[in-house]
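Student: To convert a position in the sequence shown, counted from 1, into our numbering, add 52.
Next up is a structure, given as structure tokens.
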Amino acid sequence: MTIRDDHALAADLATEAGERLLRTRERMGFDDAAALKAEGDRSSHVFLMESLARLRPSDSVLSEEATRAERLDPRRLSASRVWIVDPLDGTREFSEAGRSDWAVHVALWEQGRLTAGAVALPAQGRTLSTQDPPKRPPYDPADADRGRFRIAVSRTRPPEFVRNLAYLVGADLVPIGSAGAKISAVLTGEVEAYVHAGGQYEWDSAAPVAVAQAAGAHTSRIDGAELTYNQADPSLPDILVSLPELASSLLAGIRDLHR
Numbered sequence: 053m054t055i056r057d058d059h060a061l062a063a064d065l066a067t068e069a070g071e072r073l074l075r076t077r078e079r080m081g082f083d084d085a086a087a088l089k090a091e092g093d094r095s096s097h098v099f100l101m102e103s104l105a106r107l108r109p110s111d112s113v114l115s116e117e118a119t120r121a122e123r124l125d126p127r128r129l130s131a132s133r134v135w136i137v138d139p140l141d142g143t144r145e146f147s148e149a150g151r152s153d154w155a156v157h158v159a160l161w162e163q164g165r166l167t168a169g170a171v172a173l174p175a176q177g178r179t180l181s182t183q184d185p186p187k188r189p190p191y192d193p194a195d196a197d198r199g200r201f202r203i204a205v206s207r208t209r210p211p212e213f214v215r216n217l218a219y220l221v222g223a224d225l226v227p228i229g230s231a232g233a234k235i236s237a238v239l240t241g242e243v244e245a246y247v248h249a250g251g252q253y254e255w256d257s258a259a260p261v262a263v264a265q266a267a268g269a270h271t272s273r274i275d276g277a278e279l280t281y282n283q284a285d286p287s288l289p290d291i292l293v294s295l296p297e298l299a300s301s302l303l304a305g306i307r308d309l310h311r
């Protein structure tokens with residue numbers, strides 16, 4: 053693995069972790085979903101933690117698969133550089149044959165903001181990263197030929213308020229698996245927005261938000277507030293990622309629903 057800078061490191065680590073997960077899928081098969089999920093989470097976490105310890109030994113790490121004690125380690129809060137990783141985002145989809153909407157997240161937080169990140173979509177054969185941000189799809193709200201725009205939602209538990217929002221703003225809902233796959237879909241033109249308010253954590257969105265910001269997409273809480281990372285409580289319960297042309301109408305619709 054050749055490491056040039058933090059952007060390249062994020063992309064290389066996410067990609068290699070994803071390739072290892074594909075091999076795990078192939079080796080174990082899909083007969084025992086619970087065992088496959090557990091091994092995917094474990095092995096990817098070990099690879100990322102060992103790699104970061106070797107390549108960035110002075111940096112802190114916040115991982116979904118870390119122990120509670122590791123997550124609460126106060127040294128993370130005073131660190132100037134913290135890697136926020138989700139070794140396997142979309143464990144359910146990973147364990148289902150034929151599904152490609154799962155991901156690996158690797159992001160770097162530095163002194164109050166996300167500075168590098170990568171989302172590997174191994175079963176789709178691609179990695180989106182801040183090293184070479186994807187070109188944001190064009191969108192012209194006045195283009196009548198486009199019809200209704202699309203909002204990515206959870207395929208298993210879409211929040212009711214997002215259904216109401218879609219009705220209010222004239223959008224269609226598109227079920228997609230992992231959070232990383234949903235945000236990536238905004239950046240690749242499969243949908244125009246992702247809205248979620250059902251509870252998440254920093255590792256669910258840090259890497260895809262870093263890439264989305266580098267690509268010029270809108271990212272915020274559903275009340276328009278800034279997304280903040282490396283907090284004592286890693287809960288980050290809601291998020292809006294969209295093409296910038298749609299952000300104001302989506303935020304207005306959310307405000308109307310919460311009155």
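Glycine included, C-beta positions come from ideal geometry on N, C-alpha and C.
With respect to the alpha helix (DSSP H) encompassing E145, which residues constitute its N-terminal and C-terminal limits?
Tutor: Counting along the chain, the alpha helix (DSSP H) containing E145 begins and ends at T143 to F146.
Student: Indicate the three-state DSSP secondary structure (helix, strand or coil) for W135 in the structure shown.
Tutor: Three-state DSSP puts W135 in a strand.
Student: Within its chain, find whatever has a CB closer than 6 Å to the CB of V247; leave out the 5 residues flanking it on each side and keep chain order.
Tutor: Cβ within range, chain order: I203, V214 and L292.
Student: Just the C-alpha distance for Q252 and S230, rounded to the nearest angstrom, thanks.
Tutor: Going by the C-alpha atoms only, they are around 11 Å apart.
Student: Buried or exposed for E68, going by 16 or more other Cβ atoms inside 10 Å?
Tutor: Classification of E68: buried, given that the 10 Å Cβ count is 16 or more.
Student: Report the three-state DSSP secondary structure of L180 (helix, strand or coil).
Tutor: Correct three-state label for L180: strand.
Student: Are the beta-carbon atoms of A264 and I235 separated by less than 9 Å?
Tutor: Yes, the pair counts as a contact, with Cβ atoms nearer than the cut-off.
Student: Does DSSP put L302 in a helix, in a strand, or in coil?
Tutor: Looking at L302 - three-state DSSP - the assignment turns out to be helix.
Student: Using DSSP with H/G/I as helix, E/B as strand and the rest coil, what is R165?
Tutor: If DSSP states are grouped into helix, strand and coil, R165 belongs with the strands.
Student: For Y219, does the count of other Cβ atoms within 10 angstroms reach 16, so buried, or fall short, so exposed?
Tutor: By the neighbour-count rule (16 or more Cβ atoms within 10 Å), Y219 is not buried but exposed.
Student: Count the other C-beta atoms from every protein chain shown that fall within 10 angstroms of the C-beta of A196, then say buried if there are 16 or more, exposed otherwise.
Tutor: For A196, the pLDDT reaches just 44, beneath the cut-off of 50, and the residue's location in the model is therefore unreliable, leaving the point undetermined.
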